[in-house]
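Reviewing the structure listed below.
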Amino acid sequence: MAKIGFIGTGIMGKPMAQNLQKAGHSLFVSTHHDAAPADLIAAGAVALANPKEVAQEAEFIIVMVPDTPQVEAVLFGENGVAEGVGPNKVVIDMSSISPTATKAFAEKIKATGAAYLDAPVSGGEVGAKAATLSIMVGGCPKAFERALPLFEAMGKNITRVGGNGDGQTAKVANQIIVALNIQAVAEALLFAAKNGADPAKVREALMGGFASSKILEVHAERMIKGTFDPGFRINLHQKDLNLALQGAKELGINLPNTSNAQQVFNTCQALGGGNWDHSALIKGLEHMANFSIRDDK
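Take the sequence shown: its position 193, counting from 1, is numbered 192 in numbering that gives the first Met the number 0, and each next residue is one higher.
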């Protein structure tokens, strides 16, 4: 069983860490930002003062924080992971961050003698709790094979996409697809409801045809019931779409539908919905239409 440092025990990180504990691994957590969750400690996790101490104790160091600046601070800030790693250790960033920054971070960590994997996930809080996350990995094959038992304790669909940065690129592509599917479902339900049809019955009918999808199954139900507790927050999905649009600019390509979805998320932000589940994109469309598919008009 491995000695694992886990930095970032929030909505996603905590259940992922718990699944590693259930698989029998030893866990070390950092208290530099927040106190360690009591249930992780009760299950045997050891709380340490900062990422450096975590990296010194652990063979694998997993980072699961919100965005690129937070990853950089954890890795390279004062008492950061980079000060505690060396040969035979593997740093695994499971956050969703910039592919370009990831490549630079990987080179700096590899200069210490440690290996580096970028391994962002898809599946949300539900997948984190159920250990059914899709995990997209970038990094060398040897480090991937070493870390595979850890990934298998947290997810089901585990793919090494390529070298460092490719895992993050796959995650950005994932977030483009998810956002556009959410918008497609939201527009369809808004159209149906405004036209006098029962959106719940429309969803039921569409689930049996070519329009069926996981988004239609799960997120359409959230839209119809108005249950927008995250889940995956709109402000985090906006962050991911910003990465897509920034990357598109660097590559000289146009992502018009991604840009449009981001604008609808911006409307949700203006309504105070940055912490709503991303299925609440429909509320941005409803606001523009001055019509709700529910009774909360």
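Beta carbons: idealized from backbone N, C-alpha and C, even for Gly.
If you check the CB distance, residue 137 and residue 122 do not come in under 8 Å.
The C-alpha of residue 12 is placed about 22 Å away from the C-alpha of residue 217. The residue among 30, 277 and 36 with its C-alpha nearest the C-alpha of residue 180 is 277.
Taking C-alpha positions only, residue 220 is separated from residue 287 by approximately 21 Å. By the C-beta criterion, the stretch 73–83 is judged not to be in contact with the stretch 130–150, since fewer than 3 inter-stretch pairs fall below 8 Å. Excluding sequence positions up to five before and after residue 201, its CB lies within less than 6 Å of the CB of 191, all in the same chain and listed in chain order. Listed in chain order, the non-local C-beta contacts of residue 156 below 6 Å within the same chain comprise 133, local neighbours out to five positions each way being set aside. Fewer than three Cβ pairs drawn from the stretch 109–128 and the stretch 44–53 lie within less than 8 Å of each other, which leaves the two stretches out of contact.
In the DSSP annotation of this structure, the continuous segment of the alpha helix (DSSP H) that includes residue 40 starts and ends at 37–41. The Cβ atoms of residue 185 and residue 280 lie closer than 8 Å to each other. In this model, residue 49 and residue 15 are separated by some 20 Å (Cα to Cα).
The three-state secondary structure of residue 234, taken from DSSP, is helix. Excluding its 5 nearest sequence neighbours in each direction, residue 36 has C-beta neighbours in its own chain below 7 Å: 8 and 13, listed in chain order. Rounded to whole angstroms, residue 29 and residue 69 show a C-alpha spacing of 14 Å. Cα atoms of residue 210 and residue 178: separation of roughly 16 Å, rounded to the nearest angstrom. In its chain, beyond the 5 residues on either side, 66, 67, 70 and 167 have a beta carbon closer than 7 Å to the beta carbon of residue 96. Scanning its chain for C-beta atoms nearer than 7 Å, with the 5 sequence neighbours on each side dropped, one finds around residue 131 the residues 122, 154 and 155, in chain order. Annotation: the stretch 39–65 contains the following complete segments of the alpha helix (DSSP H) (minimum length 4 residues), in chain order: 50–56. Cβ atoms of residue 253 and residue 247 come within 8 Å of each other, at about 7 Å. Taking residue 43 as reference, the option from 33, 26 and 57 with the minimal CA-CA separation is 26. In the three-state scheme derived from DSSP, where H, G and I count as helix and E and B as strand, residue 143 is classed as helix. Between the C-alpha atoms of residue 1 and residue 22 there is a straight-line separation of about 10 Å.
The three-state reading of DSSP puts residue 158 in strand, counting E and B together.
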